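Participant: Questions regarding the structure given below will be posed in turn.
Number of protein chains: 2
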Amino acid sequence: MPGHRKTIKDVARTLGVSAATVSRALAGNPRISPETRQRVEATARDIGYIPNRAAQSLVSGRGSGFVGLILTDPGYGREDSYLGEFISGLGAGLGQHGIDLFLAAVPETQSELSVIRNIVGTHRADGLIIARTSEADPRIEFLSSAGFPFVTHGRTSIEAPQHSWVDTDGTAAFAEAFEVLYALGHRRFGLVTIKEPMMFRQHRTEGLLQAIARRGDPEVSLQIATSPRYDGARRHDAIAALLSAPERPTAVLTLFDGLALTVLEEAAHLGLSVPGDLSVIGFDNIASSALARPGLTTFDSETTRSARESARMLVAQLAEKTRPAVPETLLIRPKLVLRASHGPVRLSPRGQTTQLAHNGRGARK
Amino acid sequence: MPGHRKTIKDVARTLGVSAATVSRALAGNPRISPETRQRVEATARDIGYIPNRAAQSLVSGRGSGFVGLILTDPGYGREDSYLGEFISGLGAGLGQHGIDLFLAAVPETQSELSVIRNIVGTHRADGLIIARTSEADPRIEFLSSAGFPFVTHGRTSIEAPQHSWVDTDGTAAFAEAFEVLYALGHRRFGLVTIKEPMMFRQHRTEGLLQAIARRGDPEVSLQIATSPRYDGARRHDAIAALLSAPERPTAVLTLFDGLALTVLEEAAHLGLSVPGDLSVIGFDNIASSALARPGLTTFDSETTRSARESARMLVAQLAEKTRPAVPETLLIRPKLVLRASHGPVRLSPRGQTTQLAHNGRGARK
DNA sequence: GGCATTTGTGCAAACGTTTACACAATCATG
DNA sequence: CATGATTGTGTAAACGTTTGCACAAATGCC
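Sequence order for the protein chains is A and B. Following numbering that gives the first Met the number 0, the numbering of the first sequence begins with 0 at its first residue and continues without gaps. Following numbering that gives the first Met the number 0, the numbering of the second sequence begins with 0 at its first residue and continues without gaps.
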C-alpha cells in the first residue's frame, strides 16, 4: 500500500523538479517563477502533501507552533468559569494565526517553575501565557532572564513593565465602587479579601484605599476580613465576624464574586436584608452572580477578551525576531454591572462611625 | 557564548564515547553496560542535555507526545465550569504519563471536522479526546475509519461500542430521580430538555421514559418543554409555559442544572413555592446549584473524574501498537446530591392527573 | 556579438536523532 | 588453545526538510 505519508520528494518526482524547488515554492521564495509555484502548489494539493513539522523545525530551528498555558491552580475550573472562558479566548485568538494552545499540567510532585523550565528547555512551546500572577512571581523572573516570549494575565509591578501583560483595572473598579456607595450615603465600609498574595488583591485593595484617601472624609471607616482563598469554612467565619461586629459595615466590597456570594449567604443567615441593611459589590460577574438573590452588583472582568488580547500580543511578539524594547500592555477597565445587591444606606439609630486615619488604612476589627 | 543547545554529540564528546552509545544508554537499551549507562546519565544531566524532540520523532516516527482536545462549542466555558473541570482532569491524567494536552480551536471559517482532519494529517497529536458527542457524530466516523486513537466523553450509540468512551449514566440517574419523586407522591412530571441532538439528551430522556414505563402507573403523566440550548429568552418562555399549564407538573426534571435554575427562577416569578408547590431536580451539580435558593437537588456528574479516566484510556490505547479488539468503556453512575428543591407532593384540591399511554410517552402540552 | 547581469533551478550539506550492521573484546567451552 | 557465544561499542545510513552555493539559461547593455 502507498499509505505512506507523502513527502516533499513525492511532489518533486511527480513534477520532475528537485525537492529544493518544491520547498522554495511552498515557502514563497521569490526566486521561484510564479508559474512553477503554481504547478507545485497544485500538485502538492493533489497528492495530499503535508509538510512534516518535525523535519521542518529540525532543520530550520523554527518553533513548534505551540503556545503554552500552565495549568496549576487546583481551584481552577471548580469555583468559576475562569479557566473555561480564558481558554476559549486564547483558542480563538491563537487559532486565527495557525498557532495551537498547549496545556501543561503541573504534577503534584513538581513545581510550576520546573514545568516552565522544562518547556523552555525542550522548546515544547514558542511562547507562554502566564495567568493569575502573584505578587512575587518567580515564573516571570525566570522567563524574562531566559529571554523566552511570554505574556501575563495580570501585572506584577506598578512600575514600568518589563514584559507584556493584559490586566483588569481593579484599581479603578474598586475606586468606582467606593464612589458609587459613598454617593449612596455609605460611610462604614467592609472589604473581604484573601490571604494569598495575588496581584489582583493588591490592585483592588489599593484602588479602594486610594479612593478613600482621595475623599478625605474622616467619617469613612474600613474593616477588612481576610480568609484563605479556597477554604470555605474559614471564609464563612471571617465574613460572619465582619458582619456581626458591633459597628458592622453598611457596604461591603469583595475581591471576587465567590466572596460576595458568601457575604450574601451570611447576611441572610444573620437576618440582614440586602440591600436594605447591607450593600454588597463583587467582582468578575460569574454566572452565579446573576442568579443570586438579590442579584449581585459586580464588575464584568471580561476574561474572554483579556485572553484574546493576550493571545494577540504573544503572537505579535513571536512574529518579531527580537523582543520589543518597550513591551505592550493593556489595561481593561471592568464595567460595573448594576444589579440589586446595593442601595442607599439606611439610617441606623446608633449610627456613629469609626475614625479613619488619614493614611487611608482603616481600623482592623 | 556556548548558549547553543546541547546535543547528544556534546554528551558523547565529553565522555569519549560515540553518539550511538549515548542514545542507547538514555533509551535504556539493554546492550549498554550498567556502568556506562550511569556515566552517560550523569554527564547528560551535568551538561544539561535535553533531547531534541523534533529529531527524535523525525527518525523514529514516534508520536508528538500530544493529545488533542477540540474546542468547538461556543457555549463552552461561559455557562458553567464544564470546560475547566474537564481540562483539569485531562491535564492531571495525562501529565502523569508525560503527555501534554493540546487544544485546537475551531475557527469560524472551518468545520470541526476539517480541524480534526488536519490534526490527523499533520500528526499534530497522537490521539484525540472528543467531548460532548452528538447523536449523529461525523467526527467519530472519520476517526474510526482513519484508525486514529481517540476516546469520547459521551457515547454515540447504545449498541456495542466501536470505540472507547467514558460517559455518565444519565439513564440510571433519571430513573432514580423519577423513583425518588414518585415515592414522594408525585404523579405529574415535567421534563425540560433541549433542541440539540446531544447524546446525553437521549440517554437521560430515555431513562425517565423507561422508569415511567416500568412503573406502569396510569396516573403518571409527563409534559415536556423544549428550548434551544443557549437561548435564554426562549428557555424562560418554554419553562414559563410548562409551569403555568392548567395541569402543571408537580415535579420537574431538567437535562442539566442551568435549566433547573431557570425553573427555580420562573417558579419564584409565578409565585410557586419550591419544594412546596413544585419539586425540581437538575443534573451536573454546577457551582451555582449549591448557592441557589432553595439549594438545588441534582446529580454530581463528576466531570473531572470522567476526564481523568478518558485520559487514562487514551494513554493505554496509545501504548498498544494496535487498536484493541474490544474498546474500553466506562459508565459512571452519577450520585444524587440531595438539597432542598424537592419534597413530597402537596395534595392539590383539584388533583386529577392526565392519563399516560403505555408506550411510556406522555401527553405533550 | 561579447560580456555582465538577472532569473530559475539543482546539488549537497546540514539539523539531531535512532538503529541495523559490523566488529572488537571478553569469556566459557571443549 | 581454538571455537563459539556473549557483551559492549562504533560506523554509517536514514528520517524530511531547508538553504548556501553553483550553474545554466535568458536577458540587457555597449
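Glycine residues also receive a C-beta, built at the ideal position from the N, C-alpha and C atoms. Given the structure is predicted, the values throughout are model-derived calculations rather than measurements.
#1: Assign S340/A to buried or exposed, taking buried as 16 or more other Cβ atoms, counted over all protein chains shown, within 10 Å of its Cβ.
#2: Taking Cβ-Cβ distances shorter than 9 Å, what residues in chain A pair up with T121/B?
#3: Taking only three categories from DSSP, how would you classify A145/A?
#4: Please return the same chain residues whose Cβ sits closer than 6 Å to the Cβ of L330/A, not counting the five positions on each side in sequence.
#5: Spell out a yes or no on whether the segment 6–26 of chain B and the segment 48–55 of chain B are touching, meaning 3 or more CB-CB pairs, one atom from each, closer than 8 Å.
#6: Does any CB atom of chain B fall closer than 8 Å to the CB of I451/A?
#7: Could you tell me which chain A residues have their CB closer than 8 Å to the CB of F101/B, listed as they occur along the chain?
#8: Where does S110/A land, buried or exposed, given buried means 16+ other C-beta within 10 angstroms?
#9: Ends of the beta strand (DSSP E) at L252/B?
#10: Does the Cβ of D435/A have 16 or more other Cβ atoms within 10 Å, making it buried, or fewer, making it exposed?
#11: Below 9 Å on C-beta distance, what does P106/A contact in chain B?
#12: Hey, quick one: how far does the beta strand (DSSP E) through V191/B stretch, first residue to last?
#13: So with Cβ pairs under 8 Å, would you call G83/B a contact of chain A?
#14: Taking just the CA atoms, how far does I69/A sit from T132/A?
#15: Using 8 Å as the limit for Cβ to Cβ distance, is L254/A near chain B?
#16: Look up G361/B in the DSSP assignment and say whether it is helix, strand or coil.
#17: Here's the rule I'm using: 16 or more other beta-carbon atoms within 10 Å means buried, otherwise exposed. How should L142/A be labelled?
#18: So, with DSSP's three-state summary, where would you put V66/A?
#19: What does A19/B reach in chain A if we use C-beta pairs closer than 8 Å?
#20: Please list the partners that S110/B has in chain A, where partner means a Cβ-to-Cβ separation under 9 Å.
#21: Please go through the segment 189–266 of chain B and give each complete alpha helix (DSSP H) segment of 4 or more residues, from N-terminal end onward.
#22: In its own chain, which residues sit with a C-beta less than 7 Å from the C-beta of V336/A, not counting the 5 before and 5 after it?
#23: Under 7 Å between beta-carbons, which chain B residues line up against S406/A? List them in chain order, please.
#24: Look at R123/B and G67/B and say whether their C-beta atoms are less than 8 Å apart.
#25: Would you tell me roughly how many angstroms separate the C-alpha atoms of V10/A and A53/B, rounded to the nearest one?
#26: Measuring straight from C-alpha to C-alpha, what distance separates I118/A and T155/B?
#27: May I have the straight-line CA-CA distance separating G342/B from Q161/B, to the nearest angstrom?
#28: Closest Cβ-Cβ distance between L260/A and chain B: below 8 Å?
#29: Tell me the start and end of each unbroken alpha helix (DSSP H) in the segment 261–344 of chain B that is at least 4 residues and wholly inside, in chain order.
#30: At a Cβ threshold of 8 Å, is L142/B touching chain A?
#31: DSSP on D9/B, reduced to helix/strand/coil?
#32: 8 Å is my cut-off, CB to CB: does S287/A come that close to chain B?
#33: Figure out for me which residue from T13/A, V262/A and I129/A has the closest Cα to the Cα of A103/A.
#34: Any contact between the segment 79–89 of chain A and the segment 299–308 of chain A? By contact I mean 3 or more CB pairs, one from each, below 8 Å.
#35: Please list the partners that A291/A has in chain B, where partner means a Cβ-to-Cβ separation under 8 Å.
#36: Can you grab the Cα-Cα spacing for the pair L180/B / Q201/A, in whole Å?
Facilitator: So, from the data block:
#1: A residue is called buried when at least 16 other Cβ atoms come within 10 angstroms of its Cβ; S340/A meets this threshold and is buried.
#2: Within chain A, the residues placing a beta-carbon under 9 Å from that of T121/B are I49, P50, N51 and R52, ordered along the chain.
#3: Helix at A145/A.
#4: Beyond the five residues adjoining it in sequence on each side, L330/A comes within less than 6 Å, by CB distance, of D166 and D168 in the same chain, given in chain order.
#5: By the C-beta criterion, the segment 6–26 of chain B is judged to be in contact with the segment 48–55 of chain B, since at least 3 inter-stretch pairs fall below 8 Å.
#6: Since the displayed chain A opens at 0 and closes at 364, residue 451/A lies outside it and no answer follows.
#7: Listed by position along chain A, the residues whose Cβ is nearer than 8 Å to that of F101/B are F65, D99, L100, F101 and L102.
#8: S110/A is exposed by the Cβ-count criterion.
#9: According to the DSSP assignment, L252/B belongs to the beta strand (DSSP E) that extends over A250 to T253.
#10: Residue coverage of chain A in this structure runs from 0 to 364, which leaves residue 435/A outside it and unanswerable.
#11: Those are A91, G94 and Q95, listed as they occur along chain B.
#12: If you look at V191/B, you'll find it in the beta strand (DSSP E) that goes R187 to I193.
#13: Yes, contact with chain A.
#14: For T132/A and I69/A, the distance between alpha carbons rounds to 12 Å.
#15: Any Cβ of chain B closer than 8 Å to the Cβ of L254/A would place that residue at the interface, and such an atom is absent.
#16: Low per-residue confidence applies at G361/B: pLDDT is 36, beneath 50, and the placement is therefore not dependable enough to give any value.
#17: When all chains shown are included, L142/A counts as buried.
#18: Strand.
#19: Chain-ordered listing is empty here: chain A has no CB closer than 8 Å to the CB of A19/B, the nearest sitting near 19 Å.
#20: Chain A residues near S110/B: none, gap ~13 Å exceeds 9 Å.
#21: Secondary structure within the segment 189–266 of chain B: the alpha helix (DSSP H) runs of 4 or more consecutive residues, fully enclosed, are 198–214 and 231–242 (chain order).
#22: Result list for V336/A: N284, T296, T297, F298 and D299, in chain order.
#23: Shown here, chain A extends from 0 to 364; a query on residue 406/A therefore has no answer.
#24: In this structure, R123/B sits near G67/B, with a CB-CB distance shorter than 8 Å.
#25: Looking at the two C-alpha atoms, the distance is approximately 22 Å.
#26: If I take the Cα positions, the gap works out to 37 Å.
#27: Cα to Cα, the separation comes out at about 42 Å.
#28: Taking Cβ atoms only, chain B reaches closer than 8 Å to L260/A, which makes this a yes.
#29: Whole alpha helix (DSSP H) segments, 4+ residues: 286–290 and 302–318.
#30: Closer than 8 Å to the CB of L142/B there is not a single CB belonging to chain A.
#31: In the structure shown, D9/B sits in a helix (DSSP, three-state: H, G or I).
#32: For S287/A, the closest Cβ of chain B is nearer than 8 Å.
#33: Looking only at T13/A, V262/A and I129/A, the smallest Cα-Cα distance to A103/A is reached by I129/A.
#34: Remark: three or more beta-carbon pairs, one from each stretch, lie closer than 8 Å, so the segment 79–89 of chain A and the segment 299–308 of chain A are flagged as touching.
#35: Near A291/A (Cβ distances below 8 Å), the residues of chain B are L290.
#36: Roughly 49 Å separates the two Cα atoms.
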